[in-house]
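To keep things clear, I will list the structure first and then write my remarks on it.
In my numbering, the protein residues as written are 1 to 186.
Structural data, given as structure tokens:
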């Protein structure tokens, strides 16, 4: 029952944004009394955010880690960036929630969103440090700074892909990632 409620909540958030999610809207979509599992909207949102961050980050880490470990030094960041875009394009509702800056989130969730984004930056920094170590060049680069830049750039592009009102083709974004990563590799 919990998954059914959270799936409905994700559909609502994916199509109309966080501000439109309510227990009533979830109940209307599922026919289930949402208050039995989630007494408040905040608890429903917290559960949804936790589930989608866990699933999304697991997908991202599995995909990007595999690319970084398998790829050659000139293709590791290219493959990782393309993988990120592909994940977002495959499940835009999930990534719209994950990449949300929290500006339209209720106050009680903003802290959770910021915390999840901090964890993503930590994990990205670790992957960048590994990538730079495997690459063996440009060791003077700070992995945290590189991770912040790459993540910010990727998030911006992926927001375009995940946007509800925009039918953004991910192909130009993957070409931009390729061009950028090739320049970074040289």
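Heads up, the beta-carbon is just placed ideally off N, CA and C, and yes, glycines get one too. Since this is a predicted model, take the numbers as computed values, not measurements.
- For the pair of segments examined, the region 78–89 was found not to touch the region 27–41: the number of CB pairs separated by less than 8 angstroms stays below three.
- The residue from 3, 129, 110 with its alpha-carbon nearest to that of residue 18 is 110.
- By alpha-carbon distance to residue 122, the top candidate from 22, 41, 37, 151 is 151.
- Annotation for residue 22: 41 place their beta carbon closer than 7 angstroms to its own, counting only its chain and skipping 5 residues before and after.
- A direct Cα-to-Cα measurement between residue 158 and residue 93 gives close to 12 angstroms.
- Counting only runs that start and end inside the region 89–154, the alpha helix (DSSP H) elements of at least 4 residues fall at 92–98, 107–135.
- Residue 85 places its beta carbon less than 8 angstroms from that of residue 173.
- When rounded, the separation of the alpha-carbon atoms in residue 47 and residue 54 is 11 angstroms.
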